[in-house]
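Residues 1 to 91 in full-length UniProt numbering are what the sequence shown spells out, letter by letter.
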Amino acid sequence: MHDTLANGKTIRTLNIIDDFSREALSISVDASLPAHRVIRELEKLVEWRGKPEKIRSDSGPEFMAAAVTEWCGKKQITWEFIQPASPHRTA
1 MHDTLANGKT IRTLNIIDDF SREALSISVD ASLPAHRVIR ELEKLVEWRG
51 KPEKIRSDSG PEFMAAAVTE WCGKKQITWE FIQPASPHRT A
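Shown next as structure tokens:
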């Protein structure tokens, strides 16, 4: 997600939510959230909660990056993309 502050600066949030329990596992806020930052946040969660079978997300550039695809391959995690404007349907 992204928003603009009163001073005009843009912020982005990385919201990681457990689809089953609806628990917010992590919310990261920064001016930019590149792929390596997404991987770092996911590594923390894997260490804390264990490895998921699948991750579902939109098709933002930080999720489409080769680094994320490589990380998923190493961890044997399936990454599934949702259809634009349809948070519950997968492509």
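Idealized CB from N, CA, C, for every residue including glycine.
These numbers were taken from a predicted model, which means no experiment stands behind them.
Exercise for review: Kindly list the residues whose CB is nearer than 8 Å to the CB of E41, restricted to its own chain and excluding five residues on each side of it in sequence; keep chain order.
Suggested key: Cβ-Cβ distances below 8 Å link E41 to L14, I16, S26, S28 in the same chain, with the five nearest sequence neighbours on each side left out; the list follows chain order.
Review point. What did DSSP end up calling A24 once you bin it into helix, strand or coil?
Key: In the structure shown, A24 sits in a strand (DSSP, three-state: E or B).
**Study point:** Residue from G60, A35, R37 whose Cα sits closest to the Cα of I82
**Key:** Among G60, A35, R37, the Cα nearest to that of I82 belongs to G60.
**Study point:** Same chain, Cβ closer than 7 Å to T4, five either side skipped, listed in chain order
**Key:** Result list for T4: T10, in chain order.
Practice item. Could you give the DSSP three-state label for L14: helix, strand or coil? Key: Of the three classes helix, strand and coil, the one that applies to L14 here is strand, per DSSP.
Practice item. Examine chain C for any beta-carbon lying closer than 8 Å to the beta-carbon of D19, and answer yes or no. Key: You won't find chain C in this structure, because it holds only one protein chain.
Check your understanding: With distances taken between CB atoms, is the gap from I39 to I55 smaller than 8 Å?
Key -> Cβ distance not < 8 Å, so I39 and I55 don't count as in contact.
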